[in-house]
Every structure is written in C-alpha cells, then in structure tokens.
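K.L.:
Chains as they are written, first to last, in my numbering: chain A, 1 to 335; chain B, 336 to 670.
Number of protein chains: 2
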Amino acid sequence: MTIRDIAKAVGVTHTTVSNVINGKTNKVSQETIDKVNKAIKEFGYIPNKNARALANNSSKIIGIIFPEASGNFMQDPFHSQILTGIESVISSNNYYLMVKSIKKYEDIYQLMTNWSVDGFIILSLVGHQLPKLEKFKDVPVVFIDTYYDELKHINVGSNDYQGEFNAASHLLDNGHKSLGFISYPIDYPSVLSMRLKGFKDALNQKNISFNSSENILEIGKFNPNDTRITNKILNFVKNKTGICFSADILAIEVMEFLKNNGYSIPNDISIVGFDNLYLSTLVTPKLTTINQDIVKKGNIAAESLINMIEQHKEEQLNIKISTNLVIRESVRTLL
Amino acid sequence: MTIRDIAKAVGVTHTTVSNVINGKTNKVSQETIDKVNKAIKEFGYIPNKNARALANNSSKIIGIIFPEASGNFMQDPFHSQILTGIESVISSNNYYLMVKSIKKYEDIYQLMTNWSVDGFIILSLVGHQLPKLEKFKDVPVVFIDTYYDELKHINVGSNDYQGEFNAASHLLDNGHKSLGFISYPIDYPSVLSMRLKGFKDALNQKNISFNSSENILEIGKFNPNDTRITNKILNFVKNKTGICFSADILAIEVMEFLKNNGYSIPNDISIVGFDNLYLSTLVTPKLTTINQDIVKKGNIAAESLINMIEQHKEEQLNIKISTNLVIRESVRTLL
DNA sequence: CTGAAAGCGCTTACAG
DNA sequence: CTGAAAGCGCTTACAG
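This is the structure we're talking about:
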C-alpha cells in the first residue's frame, strides 16, 4: 500500500495525495481532499517512515545517550526518571525516542553521524571529557547535568550548589560542627564538584574549617564486603556527627552498613542525602534529603530540544531546576 | 558525502562501493576492495540510514512497548532492569532501540504499522486484553510476561507459579498457618494470577483452607494516607502471621506502613516479597523474597527477537526463567 | 570482475 | 487546481 495506490483509487496523482497528507492543501480542491482522506482511512494507509525520512532528511527520532556507568545503564533510578520525563514530552510531540548507552565518550561522535536522528540528548557528561565541541555545531543537542564553561549548548541541570549548601546548612543549623561529605569520585567541573562546593561554602560561612583529606571521602562503588572501603568509611565517620552524601543511593547504602555496624541513625550520626529518590521514603530512618524534580528536568530537556529542531533557534543556554530540602528522620538536633 | 562521492574518488561505480560495504565481495577484486575501504575511512563516510532502510525495507530498529501504568512508565525498577537487559543485547547486535509507552492497548496496532521497526517487544500485556492476535502474524514480536493460551508467539516469563509456591511454602515450613496474599489487582490469566495460584496450591498441599475473601487482598495503589485502603490492610493482617506479596515494591510500602502502626517485622508478622529488587536489601528488615533475573529476561527476549528477525524461524514459544527463594530477615520461625 | 539501470516510497519545485 | 519529473541515497538483479 503506497501513496500511488491511494492516488489510483481516487483518480489523482500521487503528488496530490502527498500534498493532502502534508497539509499543502492550498493547492488542492476541497473535493479532492475529502476523497483522498476518505481513501486513506478506508485502506488504512500509513506513509512509509523510511521513505519520508529519506526525502525529508528528517526521521522524527530523538536519540538519548546514557554513559554506561557500572554496567547497567538504567538501574539507576535517576536515569529511569529522566527517561520518563523525556519520553512523555517526545511522545506527545509525535517524535520517537531512541535509547543508547555508550561505553566511551568518543562513541558519541560516531553516533552523531551514524545515527539518523533529528537531535539528541546527552546525559551526565563530564565536560572536560568532551574535547571536540565543534562537532556539535550542526546537530541539535541538549545536555543534561553537564558543567562545562565552554559549552555553548542548552544544558539542563539542577541547582546543585545551592542544594548541597542547604543540606550542609541544615546540619549546621541543627548544631552539628564536625561534618563530612561522602561522594562517588568527583570530576571537575561536574554535578558532584558543584555539590561539594556548596558543602564547602556552607562550612565556610559558619567559619568551620575544611580540608579535603579530613572532610571528603570518595568511594568508587560501595560494597559492604570490601573491607578496604568499609574501614575507610568507619574511620571517616568516627569523629563526625553529620554526613552529607552526594546521592541518596550512596547515602542509603552506607546508612545500612553503619546500622549493621552498631550505629544508630540519627542518634549516633546524622545523614543528609541528595536526589529525593522514592527509595528514600522507604528506608529506616526515612532520609532527609535534597529534592530535585528529575522528571521535570527530562521534560524541559525534551521540550528545549524539540524547540531547537523545529524552530532552529536556541533559547536560554543554562536552565537550572531548583532544589529544596526535605526534612525527614535522618538528622538529629544536637543540643 | 554519498556512496557516489566515494565511487568517484576511487574511480568505480557506486554499485561497486555498495557491494564492498555490504560484503558482497565475491564480485569484486581485492585491489578494488582495498581502495574503496581506504576511501571510506579517509572521508569518514557513513551510509545514510534512511536510504538503507528504504532500500532494504529494514530499519535495524527494535521497538519496545511499555504499557503506561500509573503515569510514569520507567519508574518501576522492574522496567528499568528489563530495559537494561534488552538494550545491551540489541546494542551489541548493532540494532537500535526505540522506546514507547502506550496508554491503551489498542495503540499497539497503530504502532505496529506506523512505526518502521524490524520487530518489537511487548511488555506485561494481559492476554485477554489483546483480541486481534492475527494482526501479529506478519511482524516479528516477542512478549514478556504475558500469559495467554492462544498466544502463538515467543513469550519470555518467569516461573511465577513455582516462585510464589515456594514463597508460601517457606512461610508454612516456618510454622505459619494463617497466611494472606496481598497484590495489585489481579487479571486472569496474568503474572499475578499465576503467583496467586502458586500461593493457593501451597496452602492446599498442606491442607490449609483458602478462600478468596479471607486470604486475598487486592490493592490498586498503596497510599498511606488513604484510610479506606489502610484500614483494609490493618483488618486483613490482624488474624494472620505471614503475608506473601505479589511484588517487592508493594511489600516494602506496606511493611513501612505496618512498622509505623506499631507492628514489628518479623516478630508480629512475617513478610515475603517477589522480585528481589535491589531495594529489598536496603530496607529494614531486609526482605525475604523470590528472586527472578530480570536483566536476563530482557537479554533472552532481545536475543529471541533478533533470531526471529534474522532467521525468520520461531524457536521455543514459552521460555521461563527460573526463580529462587532468597532468605533474609523478614520471616520469623514460629514455634 | 565491473557497471548501467531500475527500484524502494516519498517530497518538492515547476509547468500548465 | 493538478500532474509529470527529478531527486533523497541506497540496493540488487542483470548484462557484459
């Protein structure tokens, strides 16, 4: 079933059929339009996407690229939520969503040319790992959670600095004086480094001394059976009353570990996370954390990209979703 | 940059270039092959996907369809894991993954014709909601977690019956006699109905009486503030010592609710989940549950589909991943 | 071993 | 208001 079959059935050229399908109806009589539409309905005709894409040089597909951290790209609830937000906007704008995880950053460049998409969204890329920025000139692309001064593209992120500043301040306001920051390894600049900066500045503001070896602990991947790591944690935590974590998932893993090692939370140590995962309401104690609306982040990224594709104009380059403190049960007030 | 540019540069026809690109080299001299390949490298030429798709009538895209339960299609950790499993296989076979959530089951039929994919994977479809099975005749498709006798397509599932049988048996073996089964609403036949059947048969085997109104509680969506639901739960649980849940996430939500209402788990009531989400190791107490390898399920579904697409032969129709009991801390032994 | 030709299904000037 | 023609970039018999 092609455009020609419809044309034949109606008694016009396939050109005319194409015109009515594409709404170029100023060239077609109402009578013809109606006949064509009726035939299309009747035959259940659907235009061939590939032919259309070839002729238009546009596929109506948007690609999203996930750096494959630690083997499984979707397990992280953060990724699922972003995807949810992106998918709903893309779907309702009649685009399609193609998903791909990549192992090395360089793979992006191949995908860019290789992949016939109208634009793409790149997730959680650390700026300095991305040297050939000029390659992105001709393709509509929006980044999510990338910090990189030279990035002249739309970037949708959260207010990581302010969020972590508030997290640390919450502990300070509750009388805590010896704080620590536990995080996955920190690249510069990145979401994590901005959170660290917020933490640091909160201490500064209260004139509490800070030095990296004393107040920061970086963990590659938490594993309760890896004594090298667990000893580090136990040691780090010993002389502190409150810990900020750069991510809920890490906070929760470590919290469980501490509980199993005789710590009572928040009595012995207070904990603040970051992300406000659903998960954080299900653990004991419920986690005090920084909320960021991840689904909304996905929505905005997708909307921005579609705007770029369709109107070829860039809008605001740096979009920051606000964050807010959610107080639950993992922080104790010190007298 | 097209196939013709390469051809011109090398001094052959575009046909020849196409032939070497597609490995039809029995028709081409080694010398020509080398020259063409060299030119391709040099120019960084990449074939246009849309043109290829049009000429081959094959897009190398696989679509995956998620029924959109409760608004956000990826939030469920189950979905993320399935997607992880599917994506990795698809990627390594040089296919692309297109993702779509649908609101009504009927949307599938439109997608099938509309979407130019080589095949697709349909998730968690309840069989009887799918009346027009003959429509699937001509498209490679594999289902995941669909129970439907008339389904003459590959279906990848878990051994839900045996899993829940083992879950209930675990409680019985620990001396529990008054058991309940709490589940999301149960369709027939479905993953949940099979789990219920396993539960029921486990009771039967031990000659413990069962009746639906007494031993089953269905919950649409758990919400701790909806007293209609919470009262039902409190009431249901009152005269029981052990509860099987049809899903970890529900088990965990209800467990938190019970803890907040003065229940001590597992002292007052024992709980067994289903799924073995990562989450179930992070709650207190850690959840005893039935493990199913969801990522593997995704792997197998993708492999089966690719086999169908490339070799046009169906294989084993019903593939069941095995399940196993994971004993943690949420079940107490009754004396 | 190589190339001229037709075709995949659509879109888009352009002529009438 | 309608249609003949060329083109999007590739593939695939088929002739030589």
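Glycine included, every Cβ here is placed at the ideal spot set by N, Cα and C.
Is there a C-beta anywhere in chain B that falls below 8 Å from the one on A/A51?
P.N.:
At least one chain B Cβ lies under 8 Å of A/A51.
K.L.:
Going by alpha carbons, who is nearest to B/G398 out of B/I662, B/E664, B/Q445?
P.N.:
B/Q445
K.L.:
Less than 8 Å between the CB atoms is what I'm expecting for A/A167 and A/F274, so what's the real figure, rounded?
P.N.:
With 8 Å as the limit, A/A167 and A/F274 qualify as a contact, their Cβ atoms being about 7 Å apart.
K.L.:
Select from A/N215, A/I249, A/V283 the residue whose C-alpha is nearest the C-alpha of B/N595.
P.N.:
A/V283
K.L.:
In chain order, what residues of the same chain lie with their CB nearer than 7 Å to the CB of B/S513, ignoring the 5 residues before and after it?
P.N.:
N574, K575, T576
K.L.:
Alpha carbons only, please: which of A/N57, A/Q292, A/L151, A/I249 is nearest the one belonging to A/E134?
P.N.:
A/L151
K.L.:
Tell me the rounded alpha-carbon separation between A/A302 and A/I86.
P.N.:
5 Å
K.L.:
Pull out every residue of the segment 603-624 of chain B whose Cβ sits closer than 7 Å to any Cβ of chain A, in chain order.
P.N.:
L614, L617, V618, T619
K.L.:
Can you pull the DSSP bridge partners for B/F500?
P.N.:
B/F500 is bridged by DSSP to nothing; it lacks a bridge partner.
K.L.:
Tell me the start and end of each unbroken beta strand (DSSP E) in the segment 399-479 of chain B that is at least 3 residues and wholly inside, in chain order.
P.N.:
431-437, 454-458, 476-479
K.L.:
Tell me the DSSP bridge mates of A/E218?
P.N.:
A/S183
K.L.:
Within this structure, are the beta carbons of B/S581 and B/P620 separated by less than 8 Å?
P.N.:
no
K.L.:
What does B/L305 touch in chain A if you count any residue whose Cβ is under 7 Å from its own?
P.N.:
This structure leaves residue 305 of chain B out entirely; chain B is present only between 336 and 670.
K.L.:
By DSSP, does B/I662 sit in helix, in strand, or in coil?
P.N.:
coil
K.L.:
Give me, in chain order, the residues of the same chain whose beta-carbon lies closer than 6 Å to that of B/R339; leave out the 5 immediate sequence neighbours on both sides.
P.N.:
H349
K.L.:
Could you list the residues in the segment 85-113 of chain A with a C-beta less than 7 Å from some C-beta on chain B, going in chain order?
P.N.:
E87, S91, Y96, L97, M98, V99, K100, S101, T113
K.L.:
Is it true that the segment 185-197 of chain A meets the segment 146-162 of chain A, where meeting means three or more beta-carbon pairs spaced less than 8 Å apart?
P.N.:
yes
K.L.:
Quick one, which residues of the segment 527-541 of chain B are near chain A if we go by CB-CB under 8 Å, in chain order?
P.N.:
Contact residues of the segment 527-541 of chain B toward chain A are absent (C-beta to C-beta distance below 8 Å).
K.L.:
Should the segment 426-437 of chain B be regarded as contacting the segment 89-101 of chain A, the criterion being three or more beta carbon pairs within less than 8 Å?
P.N.:
Touching, yes.
K.L.:
Of all Cβ atoms in chain A, is any one closer than 8 Å to the Cβ of B/L389?
P.N.:
yes
K.L.:
Could you list which residues in chain B have their beta carbon closer than 9 Å to that of A/I144, in chain order?
P.N.:
Within chain B, no residue comes near A/I144; the closest Cβ sits about 15 Å away, beyond 9 Å.
K.L.:
Would you mind stating whether B/S605 and B/I587 have Cβ atoms separated by less than 8 Å?
P.N.:
no
K.L.:
So if I threshold CB-CB distances at 9 Å, which residues from the segment 27-44 of chain A count as touching chain B?
P.N.:
G44
K.L.:
Extract the residue ranges of the beta strand (DSSP E) inside the segment 191-270 of chain A, only unbroken runs of 3 or more that lie entirely within it.
P.N.:
Qualifying beta strand (DSSP E) stretches, in chain order: 216-218, 242-245.
K.L.:
List the residues of chain A whose Cβ lies closer than 7 Å to the Cβ of B/E591, in chain order.
P.N.:
L282
K.L.:
What three-state label does DSSP hand B/S493 in the structure shown?
P.N.:
strand
K.L.:
How big is the Cα-Cα spacing for B/L652 and B/V477?
P.N.:
9 Å
K.L.:
Return the residue from the list A/D145, A/V139, A/D118 that minimises the CA-CA distance to A/L125.
P.N.:
A/D145
K.L.:
Taking B/T350 as part of the beta strand (DSSP E), name the residues at either end of that continuous run.
P.N.:
It is not in any beta strand (DSSP E) - B/T350 instead sits in the alpha helix (DSSP H) that spans 349-356.
K.L.:
For B/S394, decide whether its Cβ has a neighbour in chain A, counting only Cβ atoms nearer than 8 Å.
P.N.:
yes
K.L.:
Along chain A, in chain order, which residues have C-beta atoms closer than 8 Å to that of B/S353?
P.N.:
Near B/S353 there are no residues of chain A at all, since even the closest Cβ is about 16 Å away, more than 8 Å.
K.L.:
Sorted by chain position, which residues of the same chain lie with C-beta nearer than 8 Å to B/H488's C-beta, five sequence neighbours on each side aside?
P.N.:
F471, V476, V477, F478, E649, L652
K.L.:
Is the Cβ of A/S80 closer than 8 Å to any Cβ of chain B?
P.N.:
Closer than 8 Å: yes.
K.L.:
Would you give the residue range spanned by the beta strand (DSSP E) that A/K320 belongs to?
P.N.:
318-321
K.L.:
By DSSP, does B/D296 sit in helix, in strand, or in coil?
P.N.:
The question about residue 296 of chain B has no answer here: the residues shown for chain B are numbered 336 through 670.
K.L.:
Counting only C-beta atoms, is B/S451 closer than 8 Å to chain A at any point?
P.N.:
yes
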